[in-house]
Amino acid sequence: MRPRRLNVDGIALRGGGPRSSEWGTPVAGGWIKTIFRGFATTILLALLFATLNPLAHAAEPKSRSNPFSGLSSSAQRKEVLRSLPLNRLTPAARERITDIANSPTIYRRLPTQAIECDCDMFLFLTRKPEALVGIWELMGITQVQSQRTGPYQLEAVDGAGTTCKVDLIYGDSNLHIFVADGSYDGKMVPKPIRGEGVFVMRSSYGKTVSGQPTVTGTIDCFVKFDNLGADLVARTLSGVIGRSADNNFIETARFVGQVSHASAQNPPAMIDVAQRLPQVDEVTKKQFADVISTVARRAEATDRVDPASQTVTRRMTRRTQ
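Position 309 (the sequence shown) corresponds to 309 in this note's numbering; numbering is contiguous.
This is the structure:
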């Protein structure tokens with residue numbers, strides 16, 4: 001019996017991936033649309049990471065115990081920079097990071113997200129974001145084209161004048177540091193707008209009461225524009241830009257969880273998706289398929305230990321089909 005082919009659109013029944021309406025906002029007309037398109041593309045591709053769509057999670061509420069959720073703070077920015085393992089990086093990497101992070105146009109910590117997601121799936125999609133871009137292309141919700149140009153480097157264009165290059169400077173299971181260079185050279189501006197960013201993603205892992213794997217993470221964003229006009233407008237409208245970035249991060253986080261869930265429940269169909277991904281080389285497709293199989297084996301083992309969890313998962317699957 002042939003495995004049922006997964007309807008790719010079904011992965012994102014509750015949303016996921018960048019929403020077209022959020023790539024630009026009408027506030028302040030074309031300037032903010034231009035600046036945010038560049039910012040959103042850079043941050044999204046730098047940390048597509050963040051994680052894509054489904055099960056449990058919500059933006060962490062702002063509170064006294066978490067005063068920096070979705071906000072910016074000079075003290076917080078400096079603390080993040082001090083906490084980075086700069087002594088483990090090359091002199092060139094250290095200089096590149098500190099040049100941006102010491103005097104950013106915008107600093108923002110995106111809201112902490114907690115999702116049900118296998119740790120290996122999370123790490124794979126964090127380090128191979130072109131797989132997410134490929135899924136979004138299959139779903140017909142993105143025009144972004146990405147190309148891996150090195151083991152730790154990715155380039156992308158959005159077809160509307162924005163280009164960016166993303167480097168993974170450092171990565172372990174709990175910390176990833178990305179540095180991105182981007183530019184916008186579309187018809188809305190007389191000359192190119194260039195910017196660069198440092199994106200620090202921290203993640204931790206756990207399990208639910210029923211034994212389902214969870215990932216909790218956040219991203220600290222340091223973005224710096226070279227153009228004085230863009231710099232001034234971005235500073236003035238940083239709240240608008242930041243809230244839109246928050247929303248994209250939340251949706252992306254949800255989607256990764258949903259990819260993990262689909263891999264656990266229907267691995268043959270997800271492997272079929274992996275093999276059809278555009279913008280992804282054959283080695284990465286195989287790696288993705290291997291991760292999907294690993295996620296499925298772990299989920300099966302969890303279900304054997306906790307039959308109640310299996311019942312709940314089956315009910316959830318039926319509701320989304």
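Cβ atoms here follow ideal geometry from the backbone N, Cα and C, with glycine treated the same way.
Run of the alpha helix (DSSP H) containing residue i, from where it starts to where it stops
i	result
Ala-156	No alpha helix (DSSP H) contains Ala-156, which is instead part of the beta strand (DSSP E) from 153-157.
Thr-284	282-305
Cys-119	119-127
Arg-77	74-83
Ala-92	91-101
Arg-276	267-276
Ile-135	130-139
Among the options, the one whose alpha carbon lies nearest that of residue i
i	options	result
Ala-114	Lys-128, Ser-210, Tyr-205	Tyr-205
Leu-175	Gly-186, Arg-108, Arg-202, Asp-303	Arg-202
Arg-88	Ile-177, Ala-262, Phe-249	Ile-177
Arg-148	Lys-165, Phe-255, Thr-142	Lys-165
Glu-116	Ala-253, Pro-190, Leu-86	Ala-253
Gln-212	Leu-81, Arg-94, Glu-300, Ser-74	Glu-300
Ala-274	Met-121, Pro-104, Ser-103	Met-121
Leu-138	Asp-272, Ser-260, Gln-287, Gly-150	Asp-272
Leu-125	Phe-225, Val-305, Gln-287, Asp-303	Gln-287
Ala-75	Asp-185, Val-198, Asn-102, Val-209	Asn-102
Arg-304	Asp-226, Ser-210, Cys-221	Ser-210
Pro-190	Thr-90, Asp-181, Val-144, Gly-161	Gly-161
Glu-196	Thr-163, Asn-247, Gly-171, Val-133	Thr-163
Glu-130	Asp-181, Asp-246, Lys-285	Lys-285
Ser-260	Glu-251, Val-291, Ser-146, Asp-185	Val-291
Ala-258	Val-144, Ser-83, Leu-132	One point to set straight first is that residue 258 is Gln, not Ala, in the sequence displayed. Considering only alpha carbons, the answer is Leu-132.
Ser-73	Thr-90, Val-256, Pro-91, Pro-104	Pro-104
Arg-127	Gly-150, Ser-183, Ser-263	Gly-150
Thr-112	Thr-302, Cys-221, Ala-289	Cys-221
Ser-263	Arg-243, Ala-289, Asn-247, Glu-251	Ala-289
Ser-183	Thr-302, Ser-83, Asp-226	Asp-226
Thr-302	Val-256, Arg-243, Asn-247, Thr-208	Thr-208
CB-CB length for residue i against residue j, believed under 8 Å
i	j	result
Ile-169	Val-179	5 Å
Leu-123	Phe-249	Rounded, the Cβ-Cβ distance is 18 Å, inconsistent with contact.
Val-200	Ile-106	Contact doesn't hold; Cβ gap of about 14 Å is too wide.
Arg-94	Leu-86	5 Å
Ile-135	Leu-277	7 Å
Asp-172	Gln-153	So it is not a contact: roughly 18 Å between Cβ atoms.
Ala-245	Arg-77	Actually they are not in contact, since the Cβ atoms of Ala-245 and Arg-77 sit about 16 Å apart, beyond 8 Å.
Counterpart residues of residue i in DSSP-defined beta bridges
i	result
Thr-252	The partner list for Thr-252 (beta bridge, DSSP) is empty, contrary to what the question assumes.
Ala-180	Val-166, Gly-197
Val-215	Ile-115, Tyr-205
Leu-175	Arg-202
Arg-108	Cys-221
Unbroken beta strand (DSSP E) run spanning residue i, endpoints
i	result
Gly-150	145-150
Arg-88	From DSSP, Arg-88 is part of no beta strand (DSSP E); its letter is neither H nor E.
Residue i: CB within 7 Å of a non-hydrogen atom of the ligand ATP
i	result
Ile-219	The model on display carries no ligand, and the ligand ATP is accordingly not part of it.
Quiz item: Any chance the region 288-297 sits against the region 259-267, with 3 or more Cβ pairs inside 8 Å?
Solution: yes
Quiz prompt | At least three beta-carbon pairs within less than 8 Å, the region 209-219 to the region 95-105 | solution = Judged by Cβ distances under 8 Å, the region 209-219 makes no contact with the region 95-105, as fewer than three pairs qualify.
Quiz item: Do three or more CB pairs link the region 154-161 to the region 280-295 at distances below 8 Å?
Solution: no
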